[in-house]
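Engineer: Numbering (this note's numbering), first residue to last: -4 to 491.
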Amino acid sequence: MGKRVEVHVSASGKDGGVQDLERFSQEILREAYLVGAGRKSSGNEAAIFQRWRKLFLPSALERFPRGPPRSRQRLEEFVKVGYVDRAIAPWQDRRRNKLLRAHVRCRGQEMPFFSASVLLAELPDREERHRLYGELSGVWRSVSEEEEAIWATFQEGVRSLGFSNGRTATEALFHYDVPHLLGQTRRFTDSTRGLFERLLRERADAEGVPFQELRAYDSGRLLRGADWSRRFPKSGLVPFLKRFLRGTGLPWESFRPDLAVRPRKNPRAFCAPVRIPEEVYLVLRPAGGHDDYHTALHEMGHALHFGLTDPALHTVFRRLGDASLTEGWAFVLDLLFLNGEFRRTMITDPAFVRFFALSQLWMLRRYAGKIDYESRFFRNPLDPRSRADYVRSLARTTLVRPDEEGHMGDRWRSDIDPWMYTAAYLRAWMFAGAFTDLLEERWGLRWWTHKGSGEFLARLWARGQYPTVEDLLEEFGLGELSLAPLERLLRRSLEA
Ligand SMILES: [Zn+2]
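Have a look at this one:
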């Protein structure tokens, strides 16, 4: 089945530059883990960049071993991206630390910003939601100065690398074909428009909000799926993950779960591969509900990918690569929720099936709106007209109107990750849709109960970040990147 690519390059022992890269990565990821997990009250990534600044100077490349072209190319991209990331790091720290210190009032109580953000989806009362949304927006506005500095520095950084703007820099350094992604997402939003509207109306009715009046502060509540929260208790999360691992024969010991609730823990789950493969954290703040289970599967996809990477693989290919691949592995697990056979092991309620398809359509359409917006935003992130563009682009794809006060626009620069990470997600969804077809073709809809599928995935994960998503699609004859397989999975999920 396709050609096996040779992934080991000789580690010469004299590659001091590569050893530094490894140490830098460990330090920055450990800091990200401690802060994101709420185990540290403030972060200082800028100090780590400063300590390792020699890695991000043009001369850094001379310290790296020659190696094969792919390794050389990844190192070159690492130096350039790091050059910009180092410049924005002090502002990123200030912004993050401000958010960590921020408190808002809700129901007569002061609470940390992150805890309040989680609470927004819990409030059944619209007026209460509306008020809290306004409070949270105030916190987002309080970091607008830092955000402006981040994007001004980003722009300056990519220009000094010789790129005309952030979009051309991202396309060149990350190899994203943005026009192709725009074409795919437009086709997807057009063809799913009717289905999406039907499911959204149904959900709005169930939550007692007239469809025509849906506002930005309602969406979290609609997608919370509170009706089924009790079916997905926090206490069942670990057994749920272990069941998948037992079926596939994959080892639980390959990563370290951090599922504790801490007041400053970021509600956005993540995986921190501090040392690959020995020390990989799966970080999640459980709130009870389907999203914990779904997100945990996603993060476990990352954790298994890094945790099962061959330790003998060269540092460059353990550490560096396009995030679309690891996101793709995460989505391969995450898409199991669309698989009727898998879902039946958790819940059989047909209303949940429709709700879950809605939540997935929502995410995809939100990212379709985001890539559309970002394709312009990255050309000039300082243009204040982008604020209105942000609201328009997202309202068009999610069919939700902004709040009455226009606070939705407050996130026009905070809802964006540098280097168009949105593109990585979209590429990953496309890859995962196609790869799921392959798994189902080989082992059937119940592929996760076959040890063979686990062995197959483990062999691919051992290759770390060496391959690109395009390499794997080609190796297994899965065609080009397209949203069509995923759309099929989504529609099929409604029939099962
Ligand atoms: Zn992910």
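Here a beta-carbon is modelled for each residue, glycine too, at the ideal position from N, C-alpha and C. Nothing here was measured: the structure is a model prediction, and the numbers come from that model.
1) Looking at ligand 1, does it come within less than 7 Å of Glu469, judged from the CB to the closest heavy atom?
2) Enumerate, from N- to C-terminal direction, the unbroken beta strand (DSSP E) stretches of 3 or more residues contained entirely within the stretch 404 to 472.
3) Counting C-beta neighbours from all protein chains within 10 Å, is the total for Asp498 16 or more, i.e. buried, or is it exposed?
4) State the start and end residues of the unbroken alpha helix (DSSP H) segment that holds Ala346.
5) Between Leu566 and Asp287, how many whole angstroms is the CB-CB distance? I'm expecting something under 8 Å.
6) Just to confirm the assignment, what range does the alpha helix (DSSP H) spanning Leu333 have?
7) Could you say if the stretch 381 to 397 and the stretch 359 to 366 meet the contact criterion of at least three C-beta pairs nearer than 8 Å?
8) Distance check for Leu484 and Trp414, CA to CA, integer angstroms please.
9) Count the CB pairs spanning the stretch 335 to 342 and the stretch 473 to 483 that are closer than 8 Å, and state whether there are at least three.
10) What ranges does the alpha helix (DSSP H) occupy inside the stretch 19 to 95, keeping only unbroken runs of at least 4 residues that lie completely in it?
11) Where do the ends of the alpha helix (DSSP H) carrying Arg153 lie?
12) Judging by CA-CA distance, which residue of Leu131, Glu369, Leu455 and Gly472 is the nearest neighbour of Leu94?
13) Sort out for me which residues DSSP pairs Asp253 with in a bridge.
14) Whole alpha helix (DSSP H) runs in the stretch 176 to 235 with 4 or more residues, listed along the chain?
15) Measuring only the C-alpha atoms, how far is Ala144 from Arg441?
16) Would you say Leu455 and Gln179 are within 8 Å of each other, going by their C-beta atoms?
17) In this structure, how does DSSP classify Lys(-2) when only helix, strand and coil are distinguished?
18) Check each candidate in Arg371, Ser224 and Ser381 and name the one with the smallest Cα separation from Thr163.
19) What residue range is occupied by the uninterrupted alpha helix (DSSP H) comprising His98?
20) For the putative contact between Pro494 and Val113, defined by C-beta atoms under 8 Å, what is the C-beta separation to the nearest angstrom?
21) Do you know whose CA, among Phe59, Glu140, Leu209 and Glu141, lies nearest Arg121's CA?
22) Express the C-alpha separation of Leu467 and Lys49 in angstroms, rounding to a whole number.
23) Check whether the Cβ of Ala32 sits closer than 7 Å to any heavy atom of ligand 1, and report yes or no.
24) How long is the line joining the alpha carbons of Pro281 and Arg241, rounded to whole angstroms?
25) Within the chosen definition, does the stretch 309 to 320 reach the stretch 195 to 213 through at least 3 CB pairs nearer than 8 Å?
26) Determine, using beta carbons only, whether Tyr171 comes closer than 8 Å to chain B.
27) Between Thr187, His445, Ser139 and Gly31, which lies nearest to Phe239 when the distance is taken from Cα to Cα?
28) Less than 7 Å between the CB of Ala55 and some heavy atom of ligand 1, yes or no?
29) So, is Glu141 buried or exposed, given that buried needs 16 or more other C-beta atoms within 10 angstroms?
30) Where do the ends of the alpha helix (DSSP H) carrying Pro397 lie?
31) Determine whether the beta carbon atoms of Val256 and Ala267 lie at a separation below 8 Å.
32) Which residues bound the alpha helix (DSSP H) around Glu294?
33) Give the DSSP-derived three-state secondary structure of Pro107 in the structure shown.
34) Measure the alpha-carbon distance for Glu465 versus Asp317 and round it to whole angstroms.
35) Any chance you could list the residues with Cβ under 6 Å from a heavy atom of ligand 1, keeping chain order?
36) Considering only residues of the same chain and omitting the five flanking positions on each side of Thr304, which have a CB-CB separation below 7 Å?
Structural biologist: A quick look at the data gives this:
1) no
2) none
3) Here the chain covers residues -4 to 491 and nothing more, so residue 498 does not appear.
4) Pro345 to Phe372
5) Because the chain in this structure spans residues -4 to 491, residue 566 falls outside the shown range and cannot be described.
6) Counting along the chain, Leu333 falls outside any alpha helix (DSSP H), and DSSP gives it neither H nor E.
7) yes
8) 29 Å
9) no
10) 40 to 46 and 55 to 58
11) One detail in the question is off: residue 153 reads as Val in this sequence, not Arg. Note, Val153: alpha helix (DSSP H), Ser139 to Ser155.
12) Leu131
13) Val278
14) 214 to 219
15) 50 Å
16) no
17) Because Lys(-2) sits at a pLDDT of 39, beneath the cut-off of 50, its placement in the model cannot be relied upon, and the point is left open.
18) Arg371
19) No alpha helix (DSSP H) contains His98, which is instead part of the beta strand (DSSP E) from His98 to Cys101.
20) As shown, the chain starts at -4 and ends at 491. That puts residue 494 outside it, with no answer to give.
21) Leu209
22) 34 Å
23) no
24) 22 Å
25) no
26) No chain B appears in this structure, which consists of one protein chain only.
27) His445
28) no
29) buried
30) Neither: Pro397 is in no alpha helix (DSSP H) and is coded neither H nor E.
31) no
32) His285 to Gly302
33) strand
34) 11 Å
35) His293, His297, Glu322 and Ala325
36) Ile271, Pro272, Arg313, Trp456, Ala457 and Gly459
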